[in-house]
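First the structure, in the form of structure tokens, and then the observations on it.
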Amino acid sequence: MTNGKPCRVCTDFKSWSRLEKQKGKQESHHDKSTSSGESTTATATAAASAATAAASVTVANKDVSTSEEWRKNNCPADVETLGRATWTLLHTTAAYYPEKPAPSQRDSMKRFIESFAEHYPCWFCKNDFQQAMAQEPVQVESRERLSQWLCRRHNEVNVKLNKPEFDCTKVFERWLNGPPDGKCDG
Ligand SMILES: Cc1cc2nc3c(=O)[nH]c(=O)nc-3n(C[C@H](O)[C@H](O)[C@H](O)COP(=O)(O)OP(=O)(O)OC[C@H]3O[C@@H](n4cnc5c(N)ncnc54)[C@H](O)[C@@H]3O)c2cc1C
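Position 120 of the sequence shown, counted from 1, bears residue number 120 in the UniProt record's numbering, the numbering being contiguous throughout.
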């Protein structure tokens, strides 16, 4: 919960959707038990026009407004889409970090990771990440050190979520060069 509302970026889409439906039911129950006949009519009219509006986005028997593709491009992030996009940014940034960074590059990378850890919008992800950083501070001495440090942080989350651990010797294959068989080269 953030400010009394469920935290969307802390929840996967299915759970979020369930929470929203429950909230809707509670609100409509509340409306029914408190409203006069006149406002019930108004609600019914509003519901009818909402239904008409929803129908207007139905294309070839497919509701575009709720398709997976539409959601991907138009809805706020949930914990999974945000996570995937963020790991992509972090691992890719580490993979392109200099092999021998200048002192100013080390400083700015350290600040970047620390600021990231302060501002990541999923609060419990952020808390765990900060705790991990307190135990093993970010390593900015080289591309290799930074990439391996991040790989370990990501694996900690994988373990927490019962996902398989990633083989950190493959981090540059995954995030910089692609596999040797050229599958990612088009
Ligand atoms: C800092 C941070 C903390 C998070 N904490 C939580 C949390 O507490 N709870 C929660 O539910 N979600 C959390 N997430 C989101 C979670 O980690 C996943 O991003 C999300 O569950 C989607 O998972 P995914 O299976 O699509 O792949 P992701 O875990 O997002 O991984 C994307 C890709 O990265 C590669 N990869 C996997 N592991 C590694 C690794 N160790 N090193 C390098 N590459 C790797 C794989 O190719 C994988 O397909 C967090 C995300 C971030 C950025």
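Positions of the beta carbon are idealized from the N, C-alpha and C atoms, including for glycine.
Linking E173 to P180 through their CA atoms gives a straight-line distance of about 8 angstroms. Listed in chain order, the alpha helix (DSSP H) runs fully inside the segment 90-142 are 103-119 and 123-135, counting runs of at least 4 residues. With a threshold of 16 other beta carbon atoms within 10 Å, H91 meets it and is buried. Shown here, K5 sits in a strand according to DSSP, grouped into three states. Secondary structure of G24 (DSSP, three-state): helix. If the five residues before and after R8 are omitted, its C-beta is found closer than 8 angstroms to the C-beta atoms of W16, P76, A77 and D78, all from its own chain and listed in chain order. According to the DSSP assignment, N73 belongs to the alpha helix (DSSP H) that extends over E68 to N74. In the structure shown, L161 adopts coil according to DSSP, grouped into three states.
Excluding residues up to 5 positions away in sequence, V140 lie with their Cβ nearer than 6 angstroms to the Cβ of M109 in the same chain. Shown here, A77 sits in coil according to DSSP, grouped into three states, outside any helix or strand.
If you ignore the 5 residues before and after K5, its C-beta comes within less than 7 angstroms of no other C-beta in its own chain. A distance below 7 angstroms between beta-carbons, with the five flanking residues on each side excluded, links P98 to the following residues of its chain, in chain order: Q105 and R143. One thing to note: A132 has its Cβ no nearer than 8 angstroms to the Cβ of E114. By the C-beta density criterion, F129 is buried, having at least 16 other C-beta atoms within 10 angstroms. In the structure shown, the three-state DSSP call for F13 is helix. Ranked by Cα distance from K163, the options T88, P137 and H154 are led by H154.
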